[in-house]
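All the letters of the sequence shown, read from the start, carry residue numbers 2 to 289 under our numbering. Before any comments, here is the structure.
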Amino acid sequence: MIDLLLQPFGYGYMTNAMLVSALVGAVCAFLSAFLMLKGWSLIGDALSHSIVPGVAGAYMLGVPFAFGAFLSGGLAAAAMLFLNQRSGLKEDAIIGLIFTSFFGLGLFMVSLNPMAVSIQTITMGNILAISPEDTLQLVLIGVVSLVVLLAKWKDLMVTFFDESHARSIGLKPGALKIMFFTLLSASTVAAMQTVGAFLVIALVVTPGATAYLLTDRFPRLILLSVLIGSITSFVGAYASYFLNGATGGVIICLQTALFLTAFFFAPKHGLRAARKRAKAALIEDTAQ
Numbered sequence: 002m003i004d005l006l007l008q009p010f011g012y013g014y015m016t017n018a019m020l021v022s023a024l025v026g027a028v029c030a031f032l033s034a035f036l037m038l039k040g041w042s043l044i045g046d047a048l049s050h051s052i053v054p055g056v057a058g059a060y061m062l063g064v065p066f067a068f069g070a071f072l073s074g075g076l077a078a079a080a081m082l083f084l085n086q087r088s089g090l091k092e093d094a095i096i097g098l099i100f101t102s103f104f105g106l107g108l109f110m111v112s113l114n115p116m117a118v119s120i121q122t123i124t125m126g127n128i129l130a131i132s133p134e135d136t137l138q139l140v141l142i143g144v145v146s147l148v149v150l151l152a153k154w155k156d157l158m159v160t161f162f163d164e165s166h167a168r169s170i171g172l173k174p175g176a177l178k179i180m181f182f183t184l185l186s187a188s189t190v191a192a193m194q195t196v197g198a199f200l201v202i203a204l205v206v207t208p209g210a211t212a213y214l215l216t217d218r219f220p221r222l223i224l225l226s227v228l229i230g231s232i233t234s235f236v237g238a239y240a241s242y243f244l245n246g247a248t249g250g251v252i253i254c255l256q257t258a259l260f261l262t263a264f265f266f267a268p269k270h271g272l273r274a275a276r277k278r279a280k281a282a283l284i285e286d287t288a289q
């Protein structure tokens, strides 16, 4: 039995997939805490689809996919920031505009040379078959992102809570936002390799949403998000070996199951706790 459970660790590609998935899951979860704080969850979805033209272009030109994806994601993030500051449009309209424009461009590029582009890799990810070069790229993205976030999370927290206060204490909200979106773009590229472009939104939203139900303190929310993201990604990659299923799909299903558990049973914000409070309030009103 023990030999069976340890079997995945005997294969280099599985060990590699589990460790890289855990690292990517931790970074995306760290960022998801800030997306939940600011109400920017849909931005993760927009970026995940906006990197498609960059990936398609990279495949066509024979350059590292991460370079094209990061460039495309960075352009999309910059466009969203620019339109948000200059156009007067609402954020949801800007996100929808950028999302559809970049994704449409990506599909057009794929249609020009469908044999040169792996659609399945873009949409579904393929963490089990990534090359050593791609693994190194993902590790570098993950480590650099984590180091920067650990160094700047307090500044980002102040900026996202109150930009006016951030300016008054000498912070530069504009520069911090650019840094955040740069990290988000890089992490989206990494997550695309793990779960695919269509499921990236879950990786950058679900851990933060789950942690949000479990605590009211932001530092603790970050910690819980990172733990949820890294552990579920590691266990999901591990379980996919026995289930013979898509690694990305297993990871997201595991995170969703954890979210639903928190939604129903969280001690303060869960559905069960809310019903208890409503029942207690009704009894108190009746007694009066």
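For every residue, glycine included, the Cβ atom is placed at its ideal position computed from N, Cα and C.
Linking L24 to L224 through their CA atoms gives a straight-line distance of about 14 Å. Short of 7 Å from the beta carbon of W154, and not among the five residues preceding or following it, lie these beta carbons of its own chain, in chain order: I223. According to the DSSP assignment, T189 belongs to the alpha helix (DSSP H) that extends over P174 to V196. Minimum Cα-Cα distance from D156 among the listed residues T136, G171 and I142 corresponds to G171. Between the segment 26 to 34 and the segment 224 to 237 there are three or more C-beta pairs closer than 8 Å, enough to call the two in contact.
When G75, I44, S234 and T207 are compared, the shortest CA-CA separation from P54 is found for G75. The count of Cβ pairs closer than 8 Å, one atom from the segment 38 to 50 and one from the segment 274 to 283, stays below three, leaving the stretches out of contact. For N245, the three-state secondary structure derived from DSSP is coil. Around the beta carbon of V148, fewer than 16 other beta carbons lie within 10 angstroms, which makes this residue exposed. Annotation for A152: the continuous alpha helix (DSSP H) segment containing it runs P133 to F162. Counting only residues of its own chain and dropping the five nearest sequence neighbours on each side, Y14 has a CB closer than 7 Å to the CB of L129.
When the alpha-carbon of A263 is set against those of Y213, I131, K39 and I232, the nearest one is in Y213. Rounded to whole angstroms, the gap between the alpha carbons of G126 and S188 is 14 Å.
Taking 8 Å as the upper bound for CB-CB distance, M180 and F219 are not in contact here, some 18 Å apart. DSSP, reduced to helix, strand and coil, places Y12 outside both helices and strands of the structure shown, so it counts as coil. Under the Cβ criterion (8 Å, minimum of three pairs), the segment 75 to 89 does not count as touching the segment 198 to 208. A77 and A59 have their C-alpha atoms some 16 Å from each other.
Membership of S73 in the alpha helix (DSSP H) is indicated by the continuous run F66 to R87.
Approximately 7 Å separates the beta-carbon atoms of V190 and I142; this is inside 8 Å, confirming the contact. Under the DSSP assignment, A57 falls in the alpha helix (DSSP H) whose first and last residues are V53 to L62. Residues of the same chain with a CB within less than 7 Å of the CB of L84, apart from the 5 flanking positions on each side, are L90 and I95 in chain order.
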